[in-house]
Amino acid sequence: MLAPALGLADYPETSPLIQAQHTHIIHGWRDDVVAPGPVIERARLQRLSLRMVDDDHRLHASLETILCDF
368 MLAPALGLAD YPETSPLIQA QHTHIIHGWR DDVVAPGPVI ERARLQRLSL
418 RMVDDDHRLH ASLETILCDF
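Residue 372 in the working numbering sits at position 5 of the sequence shown; the count goes up by one each step and never skips.
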């Protein structure tokens, strides 16, 4: 999952149960669309693989990392 929309009040489900067998989240510390906090909390609660990168919501500066991870 790339910059998942967690914790957004306008979405019908702000904290979904992620049921995929293998889940890896990549999220930017400087994301100003989706705050890192809810994503970190969801990963912690469900013990999901999470990589936080020094990037914004578009993750353009992290393409090499994304390609390596997936």
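Every residue, glycine too, gets a C-beta built ideally from N, C-alpha and C.
- Burial is judged here by how many other beta carbons sit within 10 angstroms of a residue's own beta carbon; Pro371 has at least 16 and is buried.
- Under the DSSP assignment, Gly395 falls in the beta strand (DSSP E) whose first and last residues are 391-395.
- When C-alpha distances from Arg425 are compared across Ala410, Leu415, Ala402, Thr390, the shortest belongs to Ala402.
- Here Met419 has His394, Trp396, Pro403 as same chain residues with Cβ atoms under 7 Å from its own Cβ, once five neighbours each way along the sequence are excluded.
- With a cutoff of 8 Å on beta-carbon distance, Ser382 and Arg411 are scored as not near each other.
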